[in-house]
Amino acid sequence: MSNEQFPTQFSKTLFALIDERGWSQSLFSSKVGISESCISRIISGKPRIPNEELFLKILEQFPKKIDKKVLTAARCKDSAIGPAKEYVRVSVV
0 MSNEQFPTQF SKTLFALIDE RGWSQSLFSS KVGISESCIS RIISGKPRIP NEELFLKILE
60 QFPKKIDKKV LTAARCKDSA IGPAKEYVRV SVV
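Set out below in structure tokens:
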């Protein structure tokens with residue numbers, strides 16, 4: 000998939016992590032406990048930023064600390080919208 004299909008940094012990052020593990024969207028959705036169509040919407044960037052409860056369920060599927068950090072940073076970057084977005088910088092430490 001090209002980057003143009005991912006409207007958010009979070010959706011791009013989540014897709015990459017799922018793909019790295021060889022998981023299907025169906026398998027991942029069952030791990031998270033939500034419908035496959037919900038995961039499909041998240042990967043397409045709708046909703047732009049998953050709510051806190053869903054975000055935490057997604058994070059639980061990735062035991063590596065670095066994966067959690069990368070997903071959190073991506074979510075924060077997507078929050079940096081509007082006229083002050085150039086003042087927001089996110090890094091993974």
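Terminal number for the sequence shown in numbering that gives the first Met the number 0: 92, no gaps in between.
We treat Cβ as the ideally placed atom computed from N, Cα and C, and that holds for glycine.
Extent of the continuous alpha helix (DSSP H) to which residue i belongs
{"i": "residue 87", "result": "It is not in any alpha helix (DSSP H) - residue 87 carries neither H nor E in the DSSP assignment."}
{"i": "residue 71", "result": "64-78"}
{"i": "residue 10", "result": "8-19"}
{"i": "residue 45", "result": "Per DSSP, residue 45 belongs to no alpha helix (DSSP H) and is neither H nor E."}
{"i": "residue 57", "result": "51-58"}
{"i": "residue 27", "result": "24-31"}
Option in the options with minimal Cα separation from residue i
{"i": "residue 6", "options": "29, 78 and 27", "result": "78"}
{"i": "residue 41", "options": "64, 17, 21 and 61", "result": "17"}
{"i": "residue 32", "options": "57, 45 and 87", "result": "57"}
Does the structure place the stretch 59-79 close enough to the stretch 10-22 that three or more beta carbon pairs sit under 8 Å?
yes
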